[in-house]
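Chemist: Attaching a single structure in structure tokens format; questions to follow.
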Amino acid sequence: MPQPPEIVTTKDLSYIQDALSWELLAAKKFAMYAQIAQEQGVKDICERLSRMHQNHYQKLLSHLDPAKAITNQPTSQ
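Residues 112 to 188 (the working numbering) make up the sequence shown, in order.
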């Protein structure tokens, strides 16, 4: 697998920031949907999707700063 370049441009950081925002928003929305869902099957799917987006958020964050990935986990509220 090819390695990413050592230098990250401002545009690269902007794309990563957007991706982090999208993943965090998706995680929060699915957590909210899980809370209001009345059917257990729907609730389970929403919880799984929320965790998936939280994991994506953590992976992106860990590429930027491994220390932050451990301490700044998104909350599912």
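Even for Gly, the Cβ is constructed at its ideal location relative to N, Cα and C.
(1) Can you tell me whether DSSP reads Y168 as helix, strand or coil?
(2) Could you give the C-beta distance for A145 and C157, rounded to a whole number, given that I count them as a contact under 8 Å?
(3) Quick one: what's got a C-beta closer than 7 Å to L171's C-beta in the same chain, skipping five residues either side?
(4) May I ask you to report which of helix, strand or coil DSSP gives Q149?
(5) Can you look up I127 in the DSSP assignment and give me helix, strand or coil?
(6) Looking at S161: is its Cβ nearer than 8 Å to the Cβ of A148?
Modeler: Let's see:
(1) It is helical.
(2) That pair is a contact at about 4 Å.
(3) Annotation for L171: I127, A130, L131, E134 place their beta carbon closer than 7 Å to its own, counting only its chain and skipping 5 residues before and after.
(4) Q149: coil per DSSP, three-state reduction.
(5) DSSP places I127 within a helical segment (H, G or I) once states are collapsed to three.
(6) Not closer than 8 Å, so no.
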